[in-house]
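Here is the structure we will look at, set down as structure tokens.
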Amino acid sequence: MEHEHHDSCGCDVTPERVDMARRRLLAGAAAGAVSLGAASAQAATPEAKELYADPETPGLPQVDMEITPGRTALVVTDPQIDFLSEDGVTWGVVGESVTEQGTVDNIERLFVAAKAAGMPVFISPHYYYPHDHKWAFEGTLEKTMHAIGMFDRPGPLSLDGFQGSGADWMPQYKPYIEDGETVICSPHKVYSPAQNDLNLQLRKRGIDKVILAGMSANLCTQAHLYELLELGFEVAVVRDATAGAKVPEGDGYLAAIINFRMVANGVWWTDDAVERITRGV
């Protein structure tokens with residue numbers, strides 16, 4: 000039965016609450032954030048490259064991952080409007096980072112390269128249904144996502160209102176995601192793929208190496224990295240094909256890039272990733 004949000008439905012997601020939360024997030028949570036449109040996204044800016052540059056003298060062993068055709072896949076987390084479009088509910092906090100890194104275009108470049116090379120592509124999306132709004136407890140950002148109606152759909156069996164909503168794919172990604180070849184996994188619910196079928200889908204295709212990109216850097220992307228590593232995959236993260244929130248509590252992208260350097264099997268720029276995918280090495 001299709002759920003309709005209203006004041007007495009019990010899930011606390013009335014249109015008024017969602018609208019107020021969106022306005023509050025977009026206007027206030029990212030005080031000082033630069034308002035920049037997604038259409039301006041290109042490669043990572045020189046300023047961003049300098050700000051998040053790797054140390055000149057690394058203190059940790061430097062490792063890398065090789066692409067093995069047939070065993071390597073591109074995995075993209077949450078390539079959705081609510082994260083990557085200026086019309087999305089989180090643009091007020093992630094927009095500056097998305098624009099600095101050129102995230103929107105860089106994800107598309109990875110799609111293009113993977114499809115041209117015949118590399119399998121997997122999407123790990125984020126959806127919330129009405130029953131998810133009845134959880135008895137939430138973490139800080141879970142509470143925020145639920146309050147603003149992020150990634151909301153009317154139910155797991157309905158696509159009503161999906162087209163063009165915050166849960167929908169970025170329009171420029173649709174030719175790659177909806178080509179009948181890309182594997183669209185069941186939704187992850189918090190941050191990691193622990194509760195969806197990404198691991199199963201990868202294993203059933205003989206994949207044990209992952210090129211990881213998508214949103215958001217220190218949340219779902221980082222959580223996917225950790226989970227995949229724990230499951231025995233090699234994972235290289237594409238550092239400028241992700242981005243993070245900038246809030247008074249800190250810079251999510253900086254937090255992520257530090258951890259990527261410490262745990263990933265490779266930390267690549269999109270230029271490097273595209274070249275590697277094209278050459279298959």
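Going left to right, the sequence shown walks through residues 0 to 280 as numbering that gives the first Met the number 0 numbers them. Think of the CB as a built atom: it goes at the ideal place given N, C-alpha and C, for glycine as much as any other residue.
For Y225, the CB contacts under 8 Å within the same chain, skipping 5 residues up- and downstream, are S191, V262 in chain order. DSSP, read as helix, strand or coil, puts E233 in strand.
DSSP places Q79 within a strand segment (E or B) once states are collapsed to three.
Here H223 really is in contact with V74; their C-beta atoms are around 7 Å apart, less than 8 Å.
Between the region 258-277 and the region 146-165 there are fewer than three inter-stretch CB-CB distances shorter than 8 Å, so the stretches are not counted as touching. The region 62-82 makes contact with the region 106-114, as at least three CB pairs between them are under 8 Å. Of A244, Q162, Y126, A216, the smallest CA-CA separation from V266 is found for A216.
Counting along the chain, the unbroken alpha helix (DSSP H) around W90 starts and ends at 90-100.
Ranked by Cα distance from D167, the first of A135, P45, G94, P124 is P124. Residue nearest to M64 within the set N258, A254, F232 is F232 (criterion: CA-CA distance).
With respect to the 8 Å criterion, E141 and V189 are classified as neighbours on the basis of their beta carbons.
M169 is the residue among F121, G213, M169 whose C-alpha sits nearest the C-alpha of S84.
Runs of the beta strand (DSSP E) spanning 3 or more residues and lying entirely within the region 110-174 occur at 120-123, in chain order.
Secondary structure of A212 (DSSP, three-state): strand.
A135 sits exposed, since fewer than 16 C-beta atoms from the chains shown fall within 10 Å of its C-beta. Judged by DSSP secondary structure, G251 falls within the alpha helix (DSSP H) whose first and last residues are 251-262.
Counted as a single uninterrupted DSSP element, the alpha helix (DSSP H) harbouring V273 occupies residues 269-278.
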